[in-house]
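Add 15 to the 1-based position in the sequence shown for the numbering used here, that's all there is to it.
Glycine included, each C-beta is placed from N, C-alpha and C at the ideal position.
The structure displayed is predicted, hence computed values, not measured ones.
A short write-up of the structure that comes next.
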Amino acid sequence: MCGIAGIIGSTPSRVTVEAMTRTLRHRGPDDSGVWESDGACLGHTRLSILDLSSAGHQPMIKGHLAIVYNGEIYNFRELRRDLPGPFASETDTEVLLHLYERDGADMVQGLRGMFAFAIWDAHERRLFAARDRLGIKPFFYRETRGDLAFGSEIKALLELGRPDMDRTALRDFFSYKYVPHPKTIYAGIHRLPPAHTLSWTGGKLEIQRYWEPSAETRITEMSRATECLGELLTEIVPEHTLADVPVGLFLSGGIDSTTLAAHLERPRTFTLAVDSARFNEAESARRVAEHYETEHVEEPAAAIDLSEAIRTIPGLYDEPFGDSAAWSAWLVSRMAARHVKVALTGEGGDELFLGYRYYDKFPTYRSTALRRVLSGLVPPFSKVGRSLGRRAKKGLERYATFLPAFTVRQKHALLSPDLLEPGYDDLWHVRRFWREELDPLKRLQWADLHAHLPGGLLTKVDRASMAHSLEARPPLLDHRLVEFALSLDTRLLRDPAAGQGKLVVRALMEPRVPAGLFDQPKKGFGLPIREWVGREPDLLPRAFDRLTKAGILRGGSIPRLDNDQTWSLLVLNQWMEDAGFA
């Protein structure tokens with residue numbers, strides 16, 4: 016894993032690119048480099064994973080081509096066999112250069128892995144960049160004074176000056192707990208969407224999608240589904256251990272990480288023990304570790320300084336990020352980084368195989384006039400108010416109530432009128448990925464994979480792991496598994512009446528795991544933020560007061576907030592202070 020940065024234009028500043036590159040040192044502490052040529056200057060920080068020698072140094076040059084690259088291509092040796100060479104290293108970076116030289120923009124079609132890269136073609140005077148299919152690796156860019164600048168994180172682009180806040184993006188944050196692509200919290204700084212390429216030639220920017228999976232149901236029998244899933248996992252999980260450094264696994268004891276452990280040869284495993292029955296999965300993880308004889312490491316998260324967490328997290332994301340599991344991801348990444356350079360994670364399993372409990376509620380709710388009336392009478396932040404608010408909606412609007420930090424009614428009760436621009440479509444992000452022609456459960460599966468996964472879970476894992484120079488790899492998000500999951504009849508994935516999801520994974524794995532392991536209720540990978548806020552009683556009121564004075568909140572009494580809502584206000588307040596907006 017690495018950090019990339021660069022400026023393309025008439026006279027790109029090497030000094031600026033060097034400063035941009037320094038901001039990404041945590042993503043690649045092993046080596047760094049800056050290269051400049053007429054019209055381009057590229058920077059890179061390296062976390063050495065493959066070919067640890069100096070032959071893997073970046074920016075890497077091949078004739079008129081130069082590349083900076085972040086990620087892993089798991090089939091690079093297979094691709095390399097079909098290329099003419101010669102090769103000077105054992106890196107996937109060099110294979111990307113050869114592929115571009117042969118195939119141009121079509122090079123991305125054959126890649127299996129996670130990646131964000133930029134290639135400068137001096138002959139064509141063109142920058143070509145690409146981001147992986149699911150958005151595992153980040154890529155940000157901005158146009159400024161006729162130049163194009165890019166980087167792995169927003170902080171690199173802030174070296175060119177801090178733009179104004181995008182107030183619509185701030186409103187989006189209250190809707191989704193993150194700022195959805197292609198926006199960022201800063202006006203003029205954008206994120207390249209997943210499965211897209213970027214081309215910049217002569218000041219003209221083009222963004223194109225290169226992959227869209229099919230949602231057509233092709234597998235309807237459980238026996239066929241488990242056979243295909245077993246074959247895919249047997250191939251894909253070991254592929255994700257490709258490295259010349261130690262590799263481990265985040266182990267929760269849930270279905271996803273247990274499935275990964277079963278397909279690895281006695282891996283090193285890492286678990287965070289939380290001092291809360293609601294979140295603690297350590298006992299289940301121990302059972303799995305003993306069953307598969309892993310080299311297991313467990314650390315407690317009981318002695319937590321919430322103020323330290325709030326000071327730390329906003330700087331990792333460079334914008335507000337409201338998932339309260341961001342801190343637990345940071346802690347387990349810190350633990351793993353003491354032992355390994357690469358860790359596999361179970362991200363994507365809930366989205367692929369319909370693991371979330373809210374999937375059961377969606378198809379069964381029916382809109383009624385009474386529920387609409389009642390939802391308008393009950394306080395919006397009460398538990399009953401939230402439930403009635405959901406039941407009074409249908410389709411896309413109901414789906415949206417399960418994802419946000421704050422519902423529409425809660426936003427109108429909480430936010431300053433200045434943020435509540437009339438006519439603004441709070442659902443613009445999920446609306447793009449809402450497909451009415453699909454059956455209800457597949458509709459949710461499609462929307463979660465395209466809308467929620469890149470901006471939420473994958474952003475969290477990338478920043479948390481990279482803060483500790485740890486490469487996190489999610490095997491379940493190999494695009495072949497994504498295509499497989501979307502091809503399944505949803506009856507093979509979830510039984511809403513029984514409240515049980517991941518049926519195909521259970522059918523494959525239950526004979527291979529400790530008895531009763533998969534019967535346990537699902538626990539989130541989070542922390543008891545509300546409980547911990549109670550130990551520092553001034554923390555939330557101070558944040559609430561400052562956000563009110565900054566014109567973000569209406570003020571008044573603090574409503575009852577859930578974990579993510581509490582975290583969202585705390586990190587937003589800290590981010591605004593750090594960014595100079597408070």
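Residues that residue i bridges to, as DSSP identifies them
i	result
Pro-315	Ala-288
Trp-215	Leu-142 and Leu-220
Glu-310	Arg-283
Ser-47	Thr-60
Glu-87	Met-129
Phe-265	Phe-285
Ser-52	Ala-55
Leu-80	Lys-77 and Asp-136
Gly-21	Leu-57 and Phe-165
Arg-206	Phe-155
Leu-585	Paired residues: none, contrary to the question.
Val-303	For Val-303, which the question treats as bridged, DSSP gives no partner whatsoever.
Ile-234	Leu-503
Leu-568	Leu-430
Ala-34	In DSSP, Ala-34 forms no bridge with anything.
Val-357	Val-262 and Glu-486
Residue i, buried or exposed, once every other Cβ within 10 Å from all chains shown has been counted against 16
i	result
Lys-219	exposed
Glu-305	exposed
Val-30	exposed
Tyr-439	exposed
Pro-282	buried
Asp-162	buried
Gln-73	buried
Pro-27	buried
Ser-343	buried
His-444	buried
His-427	exposed
Glu-362	buried
Arg-509	buried
Gln-589	buried
Gln-580	buried
Ser-229	exposed
Arg-177	exposed
Pro-195	buried
Asp-534	exposed
Glu-236	exposed
Asp-338	buried
Ala-512	exposed
Pro-209	buried
Gln-425	buried
Own chain residues within Cβ distance below 7 Å of residue i, not counting five before or after
i	result
His-41	Met-481, Ala-482 and Ser-484
Val-347	Phe-265, Phe-285 and Leu-287
Met-591	Ala-565 and Ala-597
Tyr-373	Phe-417
Ala-240	Ile-234, Leu-503, Leu-507 and Val-519
Pro-490	Ile-251, Val-252, His-255, Leu-275 and Leu-359
Cβ shell of residue i (< 8 Å), same chain only, five flanking positions each side left out
i	result
Glu-174	Thr-31, Ala-34, Met-35 and Thr-38
Arg-302	Gly-268, Pro-529 and Leu-532
Asp-53	Ala-137
Val-260	Ser-63, Ile-64, Leu-67, Val-355, Lys-356 and Val-357
Same chain, Cβ closer than 6 Å to residue i, neighbours up to 5 away in sequence not counted
i	result
Leu-385	Note that Leu-385 scores a pLDDT of 44, beneath 50, so its modelled location is shaky; the value from the coordinates is reported in the next line. None.
Leu-213	Ala-144, Leu-207 and Ile-222
Thr-216	Arg-141
Glu-105	Asp-66
Ala-479	Ala-344, Trp-345 and Ser-348
Leu-555	Val-548
Lys-649	What is shown of the chain runs 16 to 597, which leaves residue 649 out entirely.
Proximity test, Cβ basis, 9 Å: residue i and chain D
i	result
Leu-126	No chain D appears in the structure shown, which is made up of a single protein chain.
Are at least three pairs of beta-carbons, each pair with one atom in the stretch 249 to 263 and one in the stretch 181 to 191, less than 8 Å apart?
-> Touching, no.
When the Cβ atoms of the stretch 73 to 88 are set against those of the stretch 514 to 534, are three or more pairs found closer than 8 Å?
-> no
In chain order, each alpha helix (DSSP H) run of at least 4 residues that lies wholly inside the stretch 473 to 536 = 474 to 481, 494 to 501 and 518 to 524
Would you be able to state if there are at least three C-beta pairs under 8 Å between the stretch 299 to 313 and the stretch 273 to 283?
-> yes
Counting only runs of 3+ residues fully inside the stretch 419 to 480, write out the beta strand (DSSP E) ranges in chain order.
-> none
Any contact of the stretch 108 to 121 with the stretch 55 to 63, i.e. 3+ C-beta pairs under 8 Å?
-> Under the 8 Å Cβ criterion, the stretch 108 to 121 does not count as touching the stretch 55 to 63, having fewer than three qualifying pairs.
Say whether the stretch 141 to 161 touches the stretch 543 to 551, bearing in mind that this needs 3 or more beta-carbon pairs closer than 8 Å, one atom from each stretch.
-> No: fewer than three Cβ pairs fall under 8 Å.
Is the stretch 508 to 520 touching the stretch 464 to 473, taking contact as three or more C-beta pairs under 8 Å?
-> no
Just checking, does the stretch 323 to 333 make contact with the stretch 444 to 464 on the three C-beta pairs under 8 Å criterion?
-> No, because fewer than three Cβ pairs between the stretch 323 to 333 and the stretch 444 to 464 fall closer than 8 Å, the two stretches do not touch.
Would you call the stretch 504 to 514 and the stretch 350 to 369 touching, i.e. three or more CB-CB distances under 8 Å?
-> yes
What beta strand (DSSP E) runs, 3 residues minimum, are completely inside the stretch 137 to 203?
-> Qualifying beta strand (DSSP E) stretches, in chain order: 141 to 146, 155 to 159 and 162 to 166.
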